[in-house]
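All remarks here apply to the structure that follows.
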Amino acid sequence: MNNSRALLSIFIFFVAFIAISVRLFNIQVRDHDKFKYYAERQQNRIYPIKAERGIIKDREGKVLAYTKDDISLFADTRMLTKSRRDTLASALSSVFGKSKNHYYKLFDSKKGNVLLEKKVSRVESLLLSDLVVDGFFKTEDYTRVYPYGKLASHVLGFVDQAENGATGIEKQFNDYLSGQDGRLLVERDALGRIVTVNDALTVPALTGAEVTLTISQQYQSILEEELEKGLNEYQSNSGVGIIMNPQNGEILAMASLPNYNPSSYSQFSNEERRNRILTDTYEPGSTIKGIVMAMLMDEGKVNPNEVINTENGSYKFLRTRIKDTHAFEKLTVQEVLEQSSNIGMVKLSTRIDDNAFYKYLRDFGFGNTTSIDIPGETGGRLKKPDEFSKYTKAFVSHGYEIAATPLQVITAFSAVINGGILYQPHVVKKVNSNVNNEVVQFDSKKIRKVISEKTSEKMKNLLIGVVENGTASLARLDDMLIGGKTGTSQKLVNGSYSSSEYNSSFIGFFPADNPQVICLVVIDSPKIGRYGGRVAAPIFKNIAERIIESDINFSPYRKDIKRKNETNKDFLIAENLETENYVPKNEIFITANYSENSKEKEVENYSRTTMPSLYNKSIKESITRLTALGIKYKIKGSGKVIDQSIMPGTKLKEGMICELVCSSEMVN
Amino acid sequence: MKNLIRAEILLVVVLMILGSLLVLSASGTYSAEKFDNLYFLFKSHISKILIAIALLVITAMIPYDLYRKYSKHILVGTILLLAATLIFAPKIKGAARWIDLWIIQFQPSELAKIVLLMHLAVMIEKKGDLIRDFKNGFVFTLVWVFIVAGLILMQPNVSTTLLVIILSFTILYVGGAKFKHVLATSTVVGGIGVMFMMLFTHSRERVLSFINGAGSTGDINIQVKQAKIALGSGGFFGVGLGNSQQSNLFLPESYGDFIFSVLGEELGFLGALLVLFIYFSVFFIGVLIAKKAKDPFGQLLAYGLSFNIILSAFINAAVVTGMVPTTGITLPFISFGGTSIIVFCISIGLIISIGRYSQVQQQELIPVEV
Chain D
30 MNNSRALLSI FIFFVAFIAI SVRLFNIQVR DHDKFKYYAE RQQNRIYPIK AERGIIKDRE
90 GKVLAYTKDD ISLFADTRML TKSRRDTLAS ALSSVFGKSK NHYYKLFDSK KGNVLLEKKV
150 SRVESLLLSD LVVDGFFKTE DYTRVYPYGK LASHVLGFVD QAENGATGIE KQFNDYLSGQ
210 DGRLLVERDA LGRIVTVNDA LTVPALTGAE VTLTISQQYQ SILEEELEKG LNEYQSNSGV
270 GIIMNPQNGE ILAMASLPNY NPSSYSQFSN EERRNRILTD TYEPGSTIKG IVMAMLMDEG
330 KVNPNEVINT ENGSYKFLRT RIKDTHAFEK LTVQEVLEQS SNIGMVKLST RIDDNAFYKY
390 LRDFGFGNTT SIDIPGETGG RLKKPDEFSK YTKAFVSHGY EIAATPLQVI TAFSAVINGG
450 ILYQPHVVKK VNSNVNNEVV QFDSKKIRKV ISEKTSEKMK NLLIGVVENG TASLARLDDM
510 LIGGKTGTSQ KLVNGSYSSS EYNSSFIGFF PADNPQVICL VVIDSPKIGR YGGRVAAPIF
570 KNIAERIIES DINFSPYRKD IKRKNETNKD FLIAENLETE NYVPKNEIFI TANYSENSKE
630 KEVENYSRTT MPSLYNKSIK ESITRLTALG IKYKIKGSGK VIDQSIMPGT KLKEGMICEL
690 VCSSEMVN
Chain U
10 MKNLIRAEIL LVVVLMILGS LLVLSASGTY SAEKFDNLYF LFKSHISKIL IAIALLVITA
70 MIPYDLYRKY SKHILVGTIL LLAATLIFAP KIKGAARWID LWIIQFQPSE LAKIVLLMHL
130 AVMIEKKGDL IRDFKNGFVF TLVWVFIVAG LILMQPNVST TLLVIILSFT ILYVGGAKFK
190 HVLATSTVVG GIGVMFMMLF THSRERVLSF INGAGSTGDI NIQVKQAKIA LGSGGFFGVG
250 LGNSQQSNLF LPESYGDFIF SVLGEELGFL GALLVLFIYF SVFFIGVLIA KKAKDPFGQL
310 LAYGLSFNII LSAFINAAVV TGMVPTTGIT LPFISFGGTS IIVFCISIGL IISIGRYSQV
370 QQQELIPVEV
């Protein structure tokens, strides 16, 4: 052996040793992080464990939404041997009654995971509990269930396919409801099969929180049923209703029709899924008179007994003409509200300056969102003092030139009658979280004091008068005194006020002396009735009656009420509504550009103490006059009045009954 | 000498124990998947290790002088076996390399390497200085080299052929042949070798995929890529013995030719380096034993066998680390594979025999000197 040559080979191998070592160092030490990342990416897999979504309950604990954890069956066809396929196919076909071939086809359809049965029932999955085959597995497949169907759909909202809240409470409280997903960290082999489960890094899923609403399922179904009935009766396509506790801002029911079923939300249009209470603004019309009256009273600008000249129903204000449907020579301030006199309100509104007027409306929450705990709210529109025209206060005071959501109106109105405090409306009472066992209480939140308690007390009495003596007599209850205000506003259609489309609304509260419930009903463009007192008030009455009947808390307040004037079923109320002459120019609000040559309605002068002639008048007009005079009446026939039992000019006494004979054929 | 033998045995035993553990870790998932038994391949490996150890002990006992007499016969027998492999053996992965011998499958080319080595050593000893003469010495050795290399090439098995040629020329060079003869012949043979390499699909693919690198996505590249991921994820200290993730079918044949990457993954840079150092030490000790051998045959045989071990080991490590194209060369004493472990154990047996019988003579000489 040649020693030097052997030594040379040793040297060469030593060099090779160094070279390989350097190479190893580069791969193993220098690039360790990179390769470790590659390795973990292909070896480890985190399987999320979907947390069960929390339930939503009403204030009494009735479940309004819950999650059903169905089971879906899968097979990994790569792991299915011939015998496993046979076992699986025969077991499944015996439970689900499908042919074995159906399953063989599924096994052959794809390499990898194949869905065999989607969302099988508990019973079916129990039948399969003994079936253990490698490559066959079950996965929890959640379904959101709304046991009451469409009930409170706009409050609850719905969840998308990934179980994330898309609207309503489901969206607003998604973080609470969705709980905490767990994770299963597994190490896989190259075939994707689980080798080991890493317990240290595996986290179990935590069920989502339980959300308790202020909504009462009972109130909600009453509201929805009566609203639905009302829409049919008065032939309207949409309407909204809100029931709230004026003393703390808790929403007891909230309905927007048409509504939808959250569990099949995709089958409904956006129109049906929209929560009009929050998204749609309207001009509140006469309901706002209660609010404007409250501010005037709070400022000490008016006295309920003060007499206002109401100009016999037609009044030229600056360059426009304000008209009342009921024409009165004079009305007290109380009567201005009761008869919903536009002229009276316009005159009174000049007594307050622009800034104070704006500040009050602002304080009542107009022009701002209410910050309710449901997403999607709009803030409406309130003009700022520097945007005011000479007409603004006049028009706002009877419900135009201001846009508000129904929610804003009811929230503001609550402040008028609850002692003057504006509460933040809310629908969630509390949240019981499973994640950290905390209970989050959502107490009522006072936003500000708007008017004094004294003013509020006076306003309550005025509003009781509206129902007892004024335009809202169809809302009267037999056994409880209520207060409220009607409203009818022409709808803006294509930039001008429509003479045929109206928002008819009524807002009422009871028990009148200690309001526990305030309820707003707004009906959009009823084909029958039109007026708030004619359409919305009776719907309110039905809702109120059923609530008082069903809720034991109201029984102490129930008492028989003796009234001088009984309402008649056919009683029609025409309230102040003569805005058809206001022609706005491409503006959402009326500006000072009104036609002065508008056709004026003939208004007869009549005294409040002698019987007027009702000959050839419509029944509606006749009743309006008789009501205003406090005369009871009976009507025979239909059409126009051809005869009256109390002759014109007769001095009127209390308790007189006038019988009217009507005919649809004109008598000359 | 005694200590050298002890050290050599100790190192080889360490490698075999480590190899068994790595085979168990690396083959478990595959065994469970393919044979429904986690220990299937491990058991097979252990049984072959036991056979190999038995053969090691037997060869260590037999005086190596015996082979001098019969080296030609053994070589002729091995050549016949190679020829029989070509004719009878079933083709596995496009190559006929295995032959069913007795109870186990056997790869005659592995055996051919050491048998040829042995005969070349005998010839070099016989020719003496004549080996420096091309016509009268060197050329005779070439005949055997070409017969063996040609038969292995025809299987086809290009990498083992190249290994046989490198081995042969190294032993001729170290044995005293003229450098220009070795260089000239190896250049010609190398040229022919490269030609053949490009002729066979499997080797061409390997070379091309090595040149093209990460761009191609063939099976071979996946193997090297996964081997690198295994090595790289091991880091400095490794993930621990038995904790290999890459052997969960990500790395094809992780228990065979690519077991070095599992070693790197489980024992880290430190372990890989240590094992490479053990191979270097096995070679170094082998060379020391060779140096002390009593005759040129013993010297050249011990050197050649040691050379074969370290060459296989380093080529294997170079393949796994992506330094050279993929070959079918195993990691001595560690890789799963019956023929490999048996042939390498026989090699160690022969080295020990050379050491023992040289030692005996030295001991006999000592009293005479004194």
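These protein sequence lines map, in sequence, to chains D and U.
The working numbering puts the first residue of the first sequence at 30, with every later residue one more than the last.
The working numbering puts the first residue of the second sequence at 10, with every later residue one more than the last.
Even for Gly, the Cβ is constructed at its ideal location relative to N, Cα and C.
What you are looking at is a predicted structure, and each value in this text was computed from that prediction instead of being measured.
What are the boundary residues of the alpha helix (DSSP H) that includes Arg173 (chain D)?
Annotation: Arg173 (chain D) is outside any alpha helix (DSSP H); the continuous beta strand (DSSP E) that includes it extends over 165–174.
Is Gly307 (chain U) helix, strand or coil when you go by DSSP?
In the structure shown, Gly307 (chain U) sits in a helix (DSSP, three-state: H, G or I).
Host alpha helix (DSSP H) of Lys97 (chain D) (start-end):
Going by DSSP, Lys97 (chain D) is part of no alpha helix (DSSP H) but of the beta strand (DSSP E) stretching over 92–105.
Name the chain U residues whose beta carbon is nearer than 7 Å to that of Tyr67 (chain D)?
Simply Ile238.
Looking only at its chain, what residues have a beta carbon closer than 7 Å to the beta carbon of Tyr205 (chain D), apart from the 5 residues adjacent to it on each side?
The answer, listed in chain order, is Gly83, Gly237, Ala238, Val240, Val460, Ser462.
Going by other Cβ atoms of all chains shown within 10 Å of its Cβ, with 16 needed for buried, is Ser624 (chain D) buried or exposed?
Confidence at Ser624 (chain D) is low in this model, with a pLDDT of 29, below 50, so its placement is unreliable and the value that follows should be read with caution. Ser624 (chain D) comes out exposed.
For Phe205 (chain U), which residues from the same chain have a beta carbon less than 7 Å from its beta carbon, with the 5 sequence-adjacent residues on both sides left out?
Within the same chain, Phe205 (chain U) has close Cβ partners Leu162, Val167.
Proximal chain D residues relative to Gly200 (chain U), where beta-carbon distance stays under 9 Å
Chain D residues near Gly200 (chain U): none, gap ~22 Å exceeds 9 Å.
Contact with chain D by Gln232 (chain U), beta-carbon distance below 7 Å
Chain D, which has no Cβ nearer than 7 Å to the Cβ of Gln232 (chain U), makes this no.
For Glu255 (chain D), which three-state DSSP category applies?
The three-state reading of DSSP puts Glu255 (chain D) in helix, counting H, G and I together.
From the DSSP output, in three-state form, read off Tyr698 (chain D) for me.
For chain D, the structure presents residues 30 to 697; residue 698 (chain D) sits outside this window and is missing.
Terminal residues of the beta strand (DSSP E) in which Glu239 (chain D) lies
That run of the beta strand (DSSP E) goes 239–242.
For Leu13 (chain U), which residues in the same chain have their Cβ closer than 6 Å to its Cβ, ignoring the five residues on either side in sequence?
The beta carbon of Leu13 (chain U) is closer than 6 Å to those of Ile294, Leu297, Ile298 in its chain, skipping five residues each way along the sequence.
Secondary structure at Ser534 (chain D), three-state DSSP: helix, strand or coil?
It is a strand residue.
Can you tell me whether Asp507 (chain D) is buried or exposed? The criterion is at least 16 other CB atoms within 10 Å of its CB, across all chains shown.
By the neighbour-count rule (16 or more Cβ atoms within 10 Å), Asp507 (chain D) is not buried but exposed.
Distance check for Leu117 (chain D) and Glu153 (chain D), CA to CA, integer angstroms please.
Whole-angstrom Cα-Cα distance: 14 Å.
Min CB distance Met30 (chain D) to chain U below 7 Å
Yes, Met30 (chain D) counts as interfacial toward chain U.
According to the neighbour-count rule (16 or more other Cβ atoms, all chains shown, within 10 Å of its Cβ), is Pro313 (chain D) buried or exposed?
Buried, because 16 or more other Cβ atoms sit within 10 Å of the Cβ of Pro313 (chain D).
Alpha carbon to alpha carbon, how far is Ala104 (chain D) from Leu213 (chain D)? Give it in angstroms, no decimals.
Using only the alpha carbons, I get a separation of about 19 Å.
Please classify Gly200 (chain U): is it buried, with 16 or more other beta-carbons within 10 angstroms of its beta-carbon, or exposed?
Classification of Gly200 (chain U): exposed, given that the 10 Å Cβ count is below 16.
So Ser53 (chain D) contacts chain U; which residues on that side make the cut at Cβ distance below 9 Å?
Residue 53 (chain D) is actually Leu in this sequence, not Ser. Listed along chain U, the residues sitting closer than 9 Å to Leu53 (chain D) by beta-carbon distance are Leu240, Gly273, Phe278, Ala281, Leu282, Leu285, Ala326, Thr330.
Contact between the segment 575–583 of chain D and the segment 292–309 of chain D: three or more CB pairs below 8 Å?
In short, these stretches do not touch, since the Cβ pair count stays below three.
Taking contact to mean 3 or more Cβ pairs, one atom from each stretch, closer than 8 Å, check whether the segment 401–408 of chain D and the segment 348–367 of chain D are in contact.
Judged by Cβ distances under 8 Å, the segment 401–408 of chain D makes no contact with the segment 348–367 of chain D, as fewer than three pairs qualify.
Taking the alpha carbon of Glu275 (chain U) as the reference point, which residue from U:Met127, U:Leu27, U:Ile361, U:His128 has its own alpha carbon closest?
The alpha carbon of Glu275 (chain U) has as its nearest neighbour, out of U:Met127, U:Leu27, U:Ile361, U:His128, the alpha carbon of U:Leu27.
Note down, in chain order, each residue of its chain lying with its Cβ closer than 6 Å to the Cβ of Ser400 (chain D), except the 5 sequence neighbours on either side.
Contacts found: Gln453.
Give the residues of chain U in contact with Glu50 (chain D), contact being defined as C-beta atoms less than 8 Å apart.
The question names Glu, yet the displayed sequence has Ser at residue 50 (chain D). Within chain U, the residues near Ser50 (chain D) are Leu282, Leu285.
Using a Cβ cut-off of 8 Å, which residues of the segment 238–263 of chain D contact any Cβ in chain U, in chain order?
Within the segment 238–263 of chain D, no residue qualifies.
Could you confirm whether any beta carbon from chain U is found closer than 7 Å to the beta carbon of Ile41 (chain D)?
Not closer than 7 Å to any Cβ of chain U, the Cβ of Ile41 (chain D) fails to qualify, so no.
Could you pull out every residue in the same chain whose Cβ sits closer than 7 Å to the Cβ of Gly373 (chain D), ignoring the five residues on either side in sequence?
Within the same chain, Gly373 (chain D) has close Cβ partners Ile337, Thr339, Leu360, Val365.
Bridge-paired residues (DSSP) for Arg212 (chain D)
In the DSSP assignment, Arg212 (chain D) forms a beta bridge with D:Pro77, D:Val232.
Chain D beta carbons: is any one of them nearer than 7 Å to that of Phe353 (chain U)?
Using a Cβ-Cβ cut-off of 7 Å, Phe353 (chain U) does not count as an interface residue toward chain D, since no Cβ of chain D sits closer than that to its own.
Report all residues from its chain with a CB closer than 7 Å to the CB of Ile58 (chain U); omit the five preceding and five following residues, and keep chain order.
For Ile58 (chain U), where only same-chain residues beyond five positions count, the Cβ hits under 7 Å are Met25, Ser29, Ile350.
Range of the contiguous alpha helix (DSSP H) that encloses Val445 (chain D):
435–446 is the extent of the alpha helix (DSSP H) around Val445 (chain D).
Under 9 Å, CB to CB, which of the residues in the segment 149–179 of chain D have a partner in chain U?
Hits within the stretch: zero.
Between the C-alpha atoms of Lys91 (chain D) and Gln246 (chain D), what's the straight-line distance to the nearest angstrom?
Distance between the alpha carbons of Lys91 (chain D) and Gln246 (chain D) is about 7 Å.
Taking the straight line between their C-alpha atoms, what separation do you get for Leu5 (chain U) and Val152 (chain U)?
For residue 5 (chain U) there is no data in the structure shown, the boundaries of chain U being 10 and 379.
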